[in-house]
Amino acid sequence: MIRLYDFDLSGNCYKARLLLAILGVEYERRNVDFFPGLKHREPEFLAVNPLGQLPVLEDGDLRLAQSQAILVYVARKYDPSGRWYPLDSPEIAGQVQQWLGFAEGLTATASAARLADGMGFDFDAEAARDGAHKLFAVMDEHLWFQERQGQDWLAPGAAPTVADIACFPYVMLSEEGGISRETYPAIRRWTDRVKRIPGFVVMPGIFPAVLGSQ
Numbered sequence: 222m223i224r225l226y227d228f229d230l231s232g233n234c235y236k237a238r239l240l241l242a243i244l245g246v247e248y249e250r251r252n253v254d255f256f257p258g259l260k261h262r263e264p265e266f267l268a269v270n271p272l273g274q275l276p277v278l279e280d281g282d283l284r285l286a287q288s289q290a291i292l293v294y295v296a297r298k299y300d301p302s303g304r305w306y307p308l309d310s311p312e313i314a315g316q317v318q319q320w321l322g323f324a325e326g327l328t329a330t331a332s333a334a335r336l337a338d339g340m341g342f343d344f345d346a347e348a349a350r351d352g353a354h355k356l357f358a359v360m361d362e363h364l365w366f367q368e369r370q371g372q373d374w375l376a377p378g379a380a381p382t383v384a385d386i387a388c389f390p391y392v393m394l395s396e397e398g399g400i401s402r403e404t405y406p407a408i409r410r411w412t413d414r415v416k417r418i419p420g421f422v423v424m425p426g427i428f429p430a431v432l433g434s435q
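For the sequence shown, the positions run 222 to 435 when our numbering is used.
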């Protein structure tokens, strides 16, 4: 069975939990008290990941870190439909990969502001907020154009992909870092669509879709 080294309040860990839940994959959770316990810095966890980063996924002999890499692995191995990480179209696959890279930018900005405000991490919160707003503006414009073309998701196609899973958590948690989504209507519509994916699960700070809000 898959083992996931996890922390409830981590958006990156939530990405893995969310895709595993949507795909109906059973797994064992190993909680690592990132904050306030700082257990990720202790020798026991550093033996699992010398970088001290969460999440880490173990599946048989495989040990894999980095949330985006975990999403790709889980999608390729456990999604028989192939829709979550589509490889039949180089164009779509390339755009999915592009948004996985974009998600790293959200971690460096929206997540950093949240860590600074909520957990006292030594980040420049104002610079992180400014960076997040720049990314949100790009994302909102992209989603607006997607909607004009009858597309609901970040990458082309009729179905969501790991790109949506990767970008969703730190967009939804952004207000915990003082980043309002009020001026990004296409993003707000997209987050509501993600919440309606069958198998969707929540985390602290991310709630189910509101009934009748479509």
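All residues carry an ideal CB built from backbone N, CA and C; glycine is no exception.
Residue state for residue 379 is assigned as coil, using DSSP reduced to three classes.
Under DSSP, residue 285 takes part in a beta bridge, and its partners are 278. Looking at the DSSP output, residue 405 bridges to nothing.
DSSP, read as helix, strand or coil, puts residue 250 in strand. Look at residue 386 here: in three-state DSSP terms it is helix.
Taking all protein chains in view, the Cβ of residue 311 is surrounded by fewer than 16 other Cβ atoms within 10 Å, so the residue is classified as exposed.
Nearest neighbour of residue 254 by Cα position, chosen from 332, 222 and 228, turns out to be 228. Taking C-alpha positions only, residue 380 is separated from residue 313 by approximately 11 Å. Burial is judged here by how many other beta carbons sit within 10 angstroms of a residue's own beta carbon; residue 341 has fewer than 16 and is exposed.
Separation of the CB atoms of residue 272 and residue 231 is rounded to 14 Å, and the pair is thereby denied contact status at 8 Å. The straight-line gap separating the alpha-carbon atoms of residue 397 and residue 336 is approximately 9 Å. For residue 227, the secondary structure class from DSSP, reduced to helix, strand or coil, is strand.
Taking each of 355, 330 and 356 in turn and checking the Cα distance to residue 344, the smallest one comes out for 330. Here the C-alpha atom of residue 390 lies approximately 13 Å from the C-alpha atom of residue 414. In the DSSP assignment, the residues bridged to residue 424 are 427. Residue 316 and residue 376 have their C-alpha atoms roughly 6 Å apart.
Looking at 261, 416 and 425, the one whose alpha-carbon comes closest to that of residue 432 is 416.
Going by DSSP, residue 269 is part of no alpha helix (DSSP H) at all; its letter is neither H nor E.
When 223, 226 and 240 are compared, the shortest CA-CA separation from residue 423 is found for 240.
For the 8 Å CB-CB criterion, residue 249 and residue 224 form a contact. By the Cβ-count criterion, residue 384 is buried, with 16 or more other Cβ atoms from all chains shown falling within 10 Å of its own Cβ.
Residue 238 sits buried, since 16 or more C-beta atoms from the chains shown fall within 10 Å of its C-beta. The C-beta distance from residue 320 to residue 387 rounds to 7 Å, short enough to meet the 8 Å contact threshold.
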